Amino acid sequence: MRAIYPGSFDPVTNGHLDILGRAAKTFSEVIVAVLHNPSKSALFTVEERMAMLAAETARWPNVSVDSFSGLTAEYARKVGAAVIIRGLRAVSDFDSEFRIALTNRKLNPDVDSVFLMTTGEYLFLSSSGIKEIASFGGPVHGMVPDAVAVALAGKYASTSQSIEE
Ligand code: ADP
Numbered sequence: 013m014r015a016i017y018p019g020s021f022d023p024v025t026n027g028h029l030d031i032l033g034r035a036a037k038t039f040s041e042v043i044v045a046v047l048h049n050p051s052k053s054a055l056f057t058v059e060e061r062m063a064m065l066a067a068e069t070a071r072w073p074n075v076s077v078d079s080f081s082g083l084t085a086e087y088a089r090k091v092g093a094a095v096i097i098r099g100l101r102a103v104s105d106f107d108s109e110f111r112i113a114l115t116n117r118k119l120n121p122d123v124d125s126v127f128l129m130t131t132g133e134y135l136f137l138s139s140s141g142i143k144e145i146a147s148f149g150g151p152v153h154g155m156v157p158d159a160v161a162v163a164l165a166g167k168y169a170s171t172s173q174s175i176e177e
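Everything in the sequence shown is counted per our numbering, starting at 13 for the first residue and increasing by one.
In structure tokens form, the structure reads like this:
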């Protein structure tokens, strides 16, 4: 069964990879789909986010990386996916995810949402939190893959350099 795992992944974290690894065991094919959302400002370009995801998911042969814009339900229809995977952290995720899942079902009744619970150590992990830590030069080791930590340091080094200039 083909599943999609949509999100911003700006950047991919160990929390995302934990969900993905478990999804890869459950579904025969998983497409990680990077949402291109021009109204949301991102640190990494869609291409950069896809490249980081491709490197980190190479270990799972049934996982591929794609990007899309517009409605997730439409994208699921286009690629013939039966399932949308989302990760759940705290109860606070539930309310908005429930709303999104019901909307997606209305837009595409052939697709169902499947929620995977985070692993305890990733409960407080989010891309935005990681960007905040990295922007102050704090340690993100263990929260993101090493290559992503390097990419974050590079982004913020070039940002502070351009402010100083
Ligand atoms: P979005 O911008 O659509 O929320 P994200 O890139 O932040 O996308 O996350 C994609 C999916 O991964 C969402 O379902 C989100 O709840 C889930 N997720 C993010 N961080 C974690 C984590 N630490 N543990 C489990 N799931 C997570």
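Ideal placement from N, C-alpha and C gives every residue a C-beta, glycine not left out. Quantities reported herein were computed from a predicted structural model and do not represent experimental measurements.
Under the three-state reduction of DSSP, Arg111 is assigned to helix.
Judged by pairs of C-beta atoms under 8 Å, the region 21 to 31 touches the region 134 to 149, as three or more such pairs exist. Relative to the ligand ADP, the beta carbon of Leu137 is positioned inside 7 Å of a heavy atom. Of all alpha-carbon atoms in Arg61, Lys37 and Ala102, the one lying nearest the alpha-carbon of Ala15 is that of Lys37. In this structure, the beta-carbon distance from Leu128 to Ala70 does not fall below 8 Å. Taking all protein chains shown into account, Phe148 has fewer than 16 neighbouring C-beta atoms within 10 Å of its C-beta and is therefore exposed. The count of Cβ pairs closer than 8 Å, one atom from the region 154 to 174 and one from the region 58 to 78, reaches three, so the stretches are in contact. Under the three-state reduction of DSSP, Arg101 is assigned to coil, being neither helix nor strand.
In the three-state reduction of the DSSP assignment, Ser40 falls in the coil class. Of the other Cβ atoms in all chains shown, fewer than 16 fall within 10 Å of the Cβ of Leu114; this residue is therefore exposed.
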